[in-house]
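With the UniProt record's numbering, the residue at position 69 of the sequence shown is 69, and numbering never jumps.
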Amino acid sequence: MSTAKRALKKYFGYDKFRPLQDEVIQSILEGEDALVIMPTGGGKSLCYQIPALMMEGVAIVVSPLIALMKDQVEGLQANGVKAGFLNSSQSTQVQNEIIEDIHEGKIKLLYVSPEKLVSQEFYYLLLQLKVNLFAVDEAHCISVWGHDFRPEYSKMAYLKKQFPLVPVVALTATADSLTQKDIINQLGLNEPKRFLSSFDRPNLSLKVAPGKDKFKSILGFLRQRPHQSGIIYCLSRKACEGLSEKLRNSGVNASYYHAGLSPEERAKRQEDFINDDIPIICATIAFGMGIDKSNVRWVIHYNLPRNIESYYQEIGRAGRDGLKADTLLFYSFSDVIVHRKFIEESALKEVSNAKLERIQQFCDAQICRRKILLSYFGEHLEEDCGNCDVCKDPPKQFDGTLIAQKALSAIVRLKEQVAAGTVIDVLRGSSRQEVLSKGYDKVKTYGAGKDVPHQDWQQYMLQLLNLGYISVAYDEGNALKLTEQSREVLFGERMVNLVHLASMKSEPTIKPIV
Ligand code: ADP
Ligand code: ZN
């Protein structure tokens, strides 16, 4: 048995590693930086806890979830792991005792808040210690694209500068490619190994429904699922309260949860939900962070989530036990307007708007929803899932390989630096000023898609994006890029099915590129 496996058994009582855990551990032991992306519940913690226990010295774990730090550390201590934590909520005396413990080798894993980590006194402490590893948990918080960005994180690059030989491992459950890039930059990671485990949660059914008669639909949904526990996410505090009251008036045992409640009340409602005393909770996104309840049987989005990451994280709270669970998203344009207003008042307008548009596209799409979600996270699902509303009532499709090849070929010839509108202009042979002045009329695919109307091209591009054959670089003016799968399409090794457009009377006739 390997030493890592022995540690797994000894401290945690498990016999087998989950996918990727062993690989991450080995890479850390070899002193390499790593970026680990695993869905919630995937088992990220062990990836750094085990090497920390196997190496000499102390591992520093940076965690933004200060409220959970104490529980995490006590959980480890109960398993016989020498762990401790430092944060600003502790008295100076307590902090001094812990520092003494570290010096005496009584702590192998030290959990700290980001504030603590970037403080000067902590830097001086680090200089006196033999640090074997820095683990940065919830690393998406480091990215300005992530939703919990805090300024302290931008100072964390000092770790790699001051301690270049100590491996840094960043872990997160939510990271699109843009966020990944940003985490690596912000931490100054040195050619990190990337470990991306599958985000697929096949036990979750996916459904998007128009946002009308929502209350009636929800009552119907609940009637089919008596005694099941679930979460209804709402956009506003008022909506949480109103919906929960309406449900109660209809005889449903529901409560509500949002950041406007006192901390005691919030803790109580969370507890009641976990213990099944309140089976149904109407909540804002404030609910769920760090809640470990395995038997949530469904999640409803009463309103459109602000982006795909949030949506995925929120539906991910259902079916943690691996048993079947259902999700339902109500989509209405009025929610888009509300989000746009929020975005107007925030920083990062451009990216937030692009992400909002992406989830609208997801809702509008007629393509297997799981395919879209997974392609968003850089994964390719070969077959349609059979467990989403689109798969259950599939639209008419046709062989769109040639269309796809033309689009992809234009993207390549435009050096993957051009946004969709211009790619379509080039395909259609537009004589727009910008097209001509940049010399795009000289590229080989110029005019190769004349026979397809502009708005149809837009639909096809969208489908190719949703199918994972195109990706969009939001940080490069929305330039379209190829993906691994799209290269196979270009080389004629893969067929692409596209959905019939409503406007289409027959399949488009499209001439091959000569
Ligand atoms: P994450 O941080 O990715 O959300 P955790 O590290 O909290 O996930 O792990 C989720 C649960 O899975 C924990 O209860 C943990 O003890 C358990 N777990 C992790 N690795 C294994 C394993 N190899 N075998 C069995 N259970 C595991
Ligand atoms: Zn599907």
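Cβ atoms here follow ideal geometry from the backbone N, Cα and C, with glycine treated the same way.
DSSP puts A170 in a beta bridge; with which residues? The count along the sequence shown starts at 1 and reaches residue 170 at position 170. Under DSSP, A170 shares a beta bridge with L35, V136.
Do H339 and R370 have their C-beta atoms closer together than 8 Å? Counted from its first residue, the sequence shown places residue 339 at position 339. Counted from its first residue, the sequence shown places residue 370 at position 370. Contact check for H339 against R370 fails: the beta carbons are separated by 8 Å or more.
How should M38 be labelled, buried or exposed, when 16 other C-beta atoms within 10 angstroms of its C-beta is the threshold for buried? On the sequence shown, position 38 is the one that residue 38 refers to. By the neighbour-count rule (16 or more Cβ atoms within 10 Å), M38 is buried.
Please work out which residues of its chain come closer than 7 Å, Cβ to Cβ, to R413, disregarding the five sequence neighbours upstream and downstream, and give them in chain order. For the purposes of this step, residue 413 is taken as the residue at position 413 of the sequence shown. The beta carbon of R413 sits closer than 7 Å to those of V443, K444, T445, all from its chain and outside the five residues before and after it, given in chain order.
May I ask you to report which of helix, strand or coil DSSP gives residue 553? Nothing about residue 553 can be read from this structure; the chain reaches only from 1 to 514.
Do E30 and K130 have their C-beta atoms within less than 8 Å of each other? In the sequence shown, counting from the first residue as 1, residue 30 sits at position 30. In the sequence shown, counting from the first residue as 1, residue 130 sits at position 130. Contact flag unset, no.
Which residues does DSSP pair with R194 in a beta bridge? Position 194 of the sequence shown holds residue 194. Beta-bridge partners of R194 (DSSP): L35.
Identify, in the order they occur along the chain, each residue of the same chain with its Cβ nearer than 6 Å to the Cβ of C385, setting aside the five sequence neighbours on each side. By 1-based counting over the sequence shown, the position of residue 385 is 385. Excluding sequence neighbours, C385 sits near C368, R370, C391.
Are the beta-carbon atoms belonging to residue 528 and G230 less than 8 Å from one another? Residue 528 lies beyond the residue range present for the chain, which begins at 1 and ends at 514; the question has no answer from this structure.
Nearer than 7 Å: is that true of the beta carbon of S45 relative to any heavy atom of ligand 1? By one-based count along the sequence shown, residue 45 stands at place 45. Taking 7 Å as the cut-off, one finds at least one heavy atom of ligand 1 near enough to the beta carbon of S45.
Sort L159, A318, S177 by Cα distance to V169 and report the nearest one. As a first step, residue 169 must be located in the sequence shown, where it is residue number 169. It is L159 whose Cα lies nearest to the Cα of V169.
Leaving out five residues on either side along the sequence, give the residues of the same chain with a beta carbon under 7 Å from the beta carbon of A404. Residue mapping note: residue 404 aligns to position 404 of the sequence shown, counting from 1. Non-local beta-carbon contacts of A404 in its own chain, meaning distances under 7 Å to residues more than five positions away in sequence, involve L464, Y469, V489, V496 in chain order.
Classify T284 as helix, strand or coil using the three-state DSSP reduction. Counted from its first residue, the sequence shown places residue 284 at position 284. If DSSP states are grouped into helix, strand and coil, T284 belongs with coil.
Where C41 and P19 are concerned, what is the direct C-alpha to C-alpha distance, given to the nearest angstrom? The count along the sequence shown starts at 1 and reaches residue 41 at position 41. The count along the sequence shown starts at 1 and reaches residue 19 at position 19. Sequence check: residue 41 is Gly here, not Cys. Between G41 and P19, the C-alpha separation is close to 12 Å.
What does the alpha-carbon distance come out to for the pair L110 and A259? As a working note, residue 110 is residue 110 in the sequence shown. As a working note, residue 259 is residue 259 in the sequence shown. Roughly 30 Å separates the two Cα atoms.
Which of the three DSSP states is assigned to E314 in this structure? To locate residue 314, count along the sequence shown from 1; it is residue 314. Under the three-state reduction of DSSP, E314 is assigned to helix.
Helix, strand or coil, according to DSSP, for N303 in the structure here? The sequence position of residue 303 within the sequence shown is 303, counting from 1. Correct three-state label for N303: coil.
Contact belief for G319 with R201 at Cβ below 8 Å, rounded distance in angstroms: Translated into positions along the sequence shown, residue 319 becomes position 319. Translated into positions along the sequence shown, residue 201 becomes position 201. Rounded to whole angstroms, the Cβ separation of G319 and R201 is 7 Å, and the two are in contact under 8 Å.
Determine the DSSP secondary structure at R269, reduced to helix, strand or coil. Position 269 of the sequence shown holds residue 269. Helix, per DSSP.
Might you give, ordered along the chain, the residues of its own chain that have their beta carbon closer than 7 Å to the beta carbon of V514, omitting 5 neighbours on each side? Counting from 1 along the sequence shown, the entry for residue 514 is found at position 514. Low confidence applies here, because V514 scores a pLDDT of 45, under 50, leaving its location unreliable and the question unanswered by this model.
Give a yes or no on whether the C-beta atoms belonging to L35 and I183 are separated by under 8 Å. For the purposes of this step, residue 35 is taken as the residue at position 35 of the sequence shown. For the purposes of this step, residue 183 is taken as the residue at position 183 of the sequence shown. A Cβ-Cβ contact shorter than 8 Å links L35 with I183.
Measure how close the beta-carbons of K193 and E32 come, nearest whole angstrom, since I'm counting them as under 8 Å. Within the sequence shown, residue 193 is the residue found at index 193, counting from 1. Within the sequence shown, residue 32 is the residue found at index 32, counting from 1. Correct: roughly 6 Å between the Cβ atoms.
If we ignore side chains and look at the alpha-carbon of each, how far apart do D321 and Q228 end up? Translated into positions along the sequence shown, residue 321 becomes position 321. Translated into positions along the sequence shown, residue 228 becomes position 228. Computed Cα separation, rounded: 14 Å.
For Y14, the three-state DSSP class (helix, strand or coil): In the sequence shown, counting from the first residue as 1, residue 14 sits at position 14. Here Y14 sits in coil by DSSP.
Contact the region 283-302 vs the region 248-263: 3+ CB pairs below 8 Å: At 8 Å Cβ cutoff, the stretches touch.
Compute the Euclidean distance between the alpha carbons of L373 and A448, then round it to the nearest angstrom. Position 373 of the sequence shown, counted from the start, is the residue given in the question as residue 373. Position 448 of the sequence shown, counted from the start, is the residue given in the question as residue 448. C-alpha separation (whole angstroms): 31 Å.
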